[in-house]
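Heads up: the sequence shown begins at 8 in this note's numbering, then just goes up one per residue. A quick write-up on the structure given underneath.
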Amino acid sequence: MSKRDYYKVLGVSRTATEAEIKKAYRRLAMKYHPDRNPNDQEAEEKFKEAKEAYEVLTDPQRRAIYDQYGHEGLDARSGVGGFSAADAFNDIFGDVFGDIFGAGRRGGGRQVYRGADLRYELELDLEQAVFGHTATVEFTTLVECEPCKGTGAAPGSKTITCETCNGVGQVRIQQGFFAIQQTCPRCKGRGQTISQPCDTCLGQGRVRKKKTLNVKVPPGVDTGDRIRLAGEGEAGRNGGPPGDLYVEIRVREHPIFERDGSHLSCEVPISFATAALGGTVEVPTLGGTVELKVPPETQSGRIFRLREKGVKPVRGGPPGDLFCRIVVETPVNLTEEQKELLRRFDESLRNSKRKHSPRESSWLDGVKRFFEAIRS
């Protein structure tokens, strides 16, 4: 068989995901399968070529060797031998369509099932998400039964080759050129039947158990980010690999700050006098308080930007900014003397020839124009 570029054989890029590789292989396998192309030597060769490329590119270790050293690296490691169309046919439904029918990859003459992935939602305070945190998570999962080592058979008991599938773990159903391989209903893909089930797992090979892990949360994570803990999911079956645990981050609401990616925002209340005359106010940041200079005649709603006082992103890059929104507070619980002073102050403003309330004046002009437009 010619040693063509495996990526070109499947028509995918070198950065293609396993799902993209599987999809490309499924398309080619159905197109060039020998049952659909009888006595077509060229189609059979293309089918074998696609199968070989699929097997290498869906194996992380072999793919890494191929990416670095090419065909020579694979040949030097274990050799890439030929295989028959019958072998390829037996594998196509187990590897590509196995997910549809609940099957896994073959291993040692039986069906091997990868353990299920698990999801855990981890709630964090904003400070923990920003600066990093080590959290302890506890969850229940399926682990390999220790007494039977995952076989499902009682220690010392014998296993018998399944008579239905002859130890293969699969049965084949064929109608015309189309065939489907399914998990053997008798042995559940093991390839063997158990004469005496394990008392601990009752023949399942797995038991439920509480698991406690310490999860290191990197600085800068945000709601929706996921941390993958490889191999910490459910145990596989029939010697299959375990699944993964995905820890999904959810950041709690903060009493002061609102977060938008790497940026933070907060409201800064100031007095009427500070807004009119100017001054300085203390503003909280993640690194401590800083002084914000408020210029005279500052209106409520004005936003001040403090550069790089936000969050440093978990994937790198400069820290975000902190946006401070000014809120002018109306004084409450006034004494009679204070109320009288405000009345005199308001009267002085009204009698002044200067415009002290530009927003009020423009708003009143807008109202006047609105009613004039209605009447016209």
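Virtual Cβ for every residue (Gly too), placed ideally from N, Cα, C. These figures come from a predicted structure and were not determined experimentally.
In the structure shown, what three-state DSSP assignment does Phe264 receive? In the sequence shown, residue 264 corresponds to position 257, counting from 1. In this structure, DSSP gives Phe264 a state outside helix and strand, which the three-state scheme calls coil.
Nearest by alpha-carbon distance to Val214: which of Tyr253, Glu151 and Ile234 is it? Taking the first residue of the sequence shown as 1, we reach residue 214 at position 207. Distances from the CA of Val214 to each of Tyr253, Glu151 and Ile234 were compared; the closest alpha carbon is that of Glu151.
Taking the continuous alpha helix (DSSP H) assigned at Glu344, which residues delimit it? Stepping through the sequence shown from its first residue, residue 344 is reached at position 337. Start and end: Glu343 to Asn358.
Evaluate contact between the stretch 292 to 304 and the stretch 339 to 353, counting only Cβ atoms and requiring at least three cross-stretch pairs below 8 Å. Put simply, the stretch 292 to 304 does not touch the stretch 339 to 353. Fewer than three CB pairs are less than 8 Å apart.
Helix, strand or coil for Gln199 per DSSP? For this step, residue 199 is matched to residue 192 along the sequence shown. Strand.
Measuring alpha carbon to alpha carbon, tell me which residue in Asn46, Gln345 and Leu131 is nearest Arg233. In the sequence shown, counting from the first residue as 1, residue 233 sits at position 226. Taking the Cα of Arg233 as reference, the smallest distance to any Cα among Asn46, Gln345 and Leu131 is reached at Leu131.
Quick one: what does DSSP say Gly295 is sitting in, helix, strand or coil? The sequence position of residue 295 within the sequence shown is 288, counting from 1. If DSSP states are grouped into helix, strand and coil, Gly295 belongs with the strands.
Between the alpha carbons of Arg21 and Tyr14, how many angstroms are there, rounded? As a position in the sequence shown, residue 21 is number 14, starting the count at 1. As a position in the sequence shown, residue 14 is number 7, starting the count at 1. Looking at the two C-alpha atoms, the distance is approximately 6 Å.
Can you grab the Cα-Cα spacing for the pair Ala60 / Cys169, in whole Å? Stepping through the sequence shown from its first residue, residue 60 is reached at position 53. Stepping through the sequence shown from its first residue, residue 169 is reached at position 162. Whole-angstrom Cα-Cα distance: 32 Å.
For Cys205, collect the residues of the same chain with a Cβ closer than 7 Å to its Cβ; drop the 5 residues on either side in sequence, then sort them by chain order. Start at 1 with the first residue of the sequence shown, and residue 205 comes out as number 198. Cys152, Pro154, Cys155, Gly159, Ala160 and Ala161, listed in sequence order.
For Cys205, which residues does DSSP report across the bridge? The sequence position of residue 205 within the sequence shown is 198, counting from 1. In the DSSP output, where bridge partners are listed per residue, Cys205 has none listed.
CB-CB length for Arg249 against Gly139, believed under 8 Å: If you number the sequence shown from 1, residue 249 lands on position 242. If you number the sequence shown from 1, residue 139 lands on position 132. Sequence inspection shows Pro at residue 249; the Arg mentioned does not correspond to that position. Pro249 to Gly139, Cβ: 27 Å. No contact.
Do Ser269 and Pro192 have their CB atoms nearer than 8 Å? Counted from its first residue, the sequence shown places residue 269 at position 262. Counted from its first residue, the sequence shown places residue 192 at position 185. Contact flag unset, no.
Between Leu220, Gln68, Leu133 and Lys53, which lies nearest to Thr230 when the distance is taken from Cα to Cα? Here residue 230 refers to the residue found at position 223 when the sequence shown is read from its first residue. Of the listed residues, the one whose Cα sits closest to Thr230 is Leu133.
Might you give, ordered along the chain, the residues of its own chain that have their beta carbon closer than 8 Å to the beta carbon of Cys172, omitting 5 neighbours on each side? Working through the sequence shown from its first residue, we reach residue 172 at position 165. Only Val178, Cys191, Arg193, Cys194 and Gly198 meet the Cβ criterion.
Taking the beta carbon of Phe54 as the centre, do at least 16 other beta carbons fall within 10 Å, making it buried, or is it exposed? The count along the sequence shown starts at 1 and reaches residue 54 at position 47. So Phe54 counts as buried.
Cβ-Cβ separation, Thr148 to Gly240 (assumed contact under 8 Å), whole Å: The residue given as residue 240 occupies position 233 in the sequence shown. The residue given as residue 148 occupies position 141 in the sequence shown. Between Gly240 and Thr148 a beta carbon distance of about 7 Å is seen, short of the 8 Å cut, so the two are scored as contacting.
For Asn340, count neighbouring Cβ atoms within 10 angstroms of its own Cβ and tell me buried if that reaches 16, exposed if not. For the purposes of this step, residue 340 is taken as the residue at position 333 of the sequence shown. Looking at its Cβ environment, which holds fewer than 16 other Cβ atoms inside 10 Å, Asn340 is exposed.
Proximity below 8 Å, CB of Tyr120 to CB of Gly308: In the sequence shown, the residue the question calls residue 120 occupies position 113. In the sequence shown, the residue the question calls residue 308 occupies position 301. For Tyr120 and Gly308, no; Cβs fall outside 8 Å.
Using the Cα positions of Pro262 and Phe330, report the straight-line distance between them to the nearest angstrom. Stepping through the sequence shown from its first residue, residue 262 is reached at position 255. Stepping through the sequence shown from its first residue, residue 330 is reached at position 323. A straight line joining the alpha-carbon of Pro262 with that of Phe330 spans about 15 Å.
To which residues does DSSP link Glu128 through a beta bridge? Counting from one through the sequence shown, the residue named residue 128 turns up at place 121. Answer is Glu255, bridged to Glu128.
Determine the direct distance from the alpha carbon of Glu27 to that of Asp47, and round the result to whole angstroms. In the sequence shown, residue 47 corresponds to position 40, counting from 1. In the sequence shown, residue 27 corresponds to position 20, counting from 1. Using only the alpha carbons, I get a separation of about 27 Å.
Return the CA-CA distance between Val288 and Leu313, expressed in angstroms with no decimal places. By 1-based counting over the sequence shown, the position of residue 288 is 281. By 1-based counting over the sequence shown, the position of residue 313 is 306. For Val288 and Leu313, the distance between alpha carbons rounds to 13 Å.
Suppose contacts are defined by Cβ-Cβ distances below 8 Å. Is Pro326 in contact with Val318 by that definition? Your numbering for residue 326 matches position 319 in the sequence shown. Your numbering for residue 318 matches position 311 in the sequence shown. Yes, Cβ-Cβ distance for Pro326 and Val318 is below 8 Å.
Just list the residues that DSSP pairs Leu64 with in beta bridges. Counting from 1 along the sequence shown, the entry for residue 64 is found at position 57. Per DSSP, Leu64 has no beta bridge partner at all.
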